[in-house]
Amino acid sequence: MKKVMVVEDNVRNLEVVSRFLVRSKFEVLAPINAAQTIVMAKEQLPDVILMDLGLNEWNPPADGYELTAELRKIPELNAVPIIAFSAATFDHHKDKAKAVGCSEFFEKPIDYLKLVARLKEITGG
Numbered sequence: 115m116k117k118v119m120v121v122e123d124n125v126r127n128l129e130v131v132s133r134f135l136v137r138s139k140f141e142v143l144a145p146i147n148a149a150q151t152i153v154m155a156k157e158q159l160p161d162v163i164l165m166d167l168g169l170n171e172w173n174p175p176a177d178g179y180e181l182t183a184e185l186r187k188i189p190e191l192n193a194v195p196i197i198a199f200s201a202a203t204f205d206h207h208k209d210k211a212k213a214v215g216c217s218e219f220f221e222k223p224i225d226y227l228k229l230v231a232r233l234k235e236i237t238g239g
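Under the working numbering, think of the first position of the sequence shown as 115, with each following residue one higher.
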């Protein structure tokens, strides 16, 4: 089963995304803060990471751009696709996401059918 790490601070959004992924036969990894994201990613080596770019509800709050940049510094994670998702969808948000290492960008609200289809393409699942 392919592993998808969902980095999302909003519990409701996390539950919805996770439900779609589990139904689509993905294993879901759901860290609860930035530090756990880094540790879990190193230990579990997900096939794909879904990164919310605004992690304001975490304690302490985190920045998805900075967290992506930190993950990209870890050699074992260099080849892992990181898909950004955000309600902030201006070109400069997308450009910044790409600059820090995100391979793709999905706008919120997420079209879950398109997301799952894309994840299956990426993972071969």
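A virtual CB, placed ideally from N, CA and C, is assigned to each residue, including glycine.
This structure is a prediction, so every number in the text was calculated from the model and none was measured.
Quiz item: So, are the CB atoms of V214 and T182 less than 9 angstroms apart?
Solution: One-based indexing of the sequence shown puts residue 214 at position 100. One-based indexing of the sequence shown puts residue 182 at position 68. Yes. Within cutoff.
Quiz prompt | N-terminal and C-terminal residue of the beta strand (DSSP E) that A213 is part of | solution = Taking the sequence shown and counting its residues from 1, one reaches residue 213 at position 99. Premise fails: A213 lies in the alpha helix (DSSP H), D205 to V214, not in any beta strand (DSSP E).
Practice problem: Could you please give the first and the last residue of the uninterrupted alpha helix (DSSP H) stretch that includes L135? | Solution: Counting from 1 along the sequence shown, the entry for residue 135 is found at position 21. Where L135 is concerned, the enclosing alpha helix (DSSP H) stretches over V125 to R137.
Practice problem: Return the chain-ordered list of same chain residues with a C-beta closer than 7 angstroms to the C-beta of D123, the five sequence neighbours on each side being excluded. | Solution: Along the sequence shown, one-based indexing puts residue 123 at 9. So the qualifying residues of the chain are D166, L169, N170, E171 and W172.
Practice problem: Work out the CA separation of V121 and I259 for me, nearest whole Å. | Solution: Because the chain spans 115 through 239 in this model, residue 259 falls outside it and cannot be assessed.
Quiz prompt | Bridge partners - F140, DSSP secondary structure assignment | solution = Here residue 140 is taken as the residue at index 26 of the sequence shown, counted from 1. F140 is not bridged to any residue.
Quiz prompt | Three CB pairs or more closer than 8 angstroms across the segment 196 to 203 and the segment 217 to 225 | solution = yes
Practice problem: Can you say whether T203 is buried or exposed, counting buried as having 16 or more other CB atoms within 10 angstroms of its CB? | Solution: Position 89 of the sequence shown holds residue 203. Exposed is the call here.
Exercise. Helix, strand or coil for K117, going by three-state DSSP, please let me know.
Key: In the sequence shown, residue 117 corresponds to position 3, counting from 1. Strand at K117.
Quiz item: Going by other Cβ atoms of all chains shown within 10 Å of its Cβ, with 16 needed for buried, is V136 buried or exposed?
Solution: Taking the sequence shown and counting its residues from 1, the one referred to as residue 136 is at position 22. Exposed is the call here.
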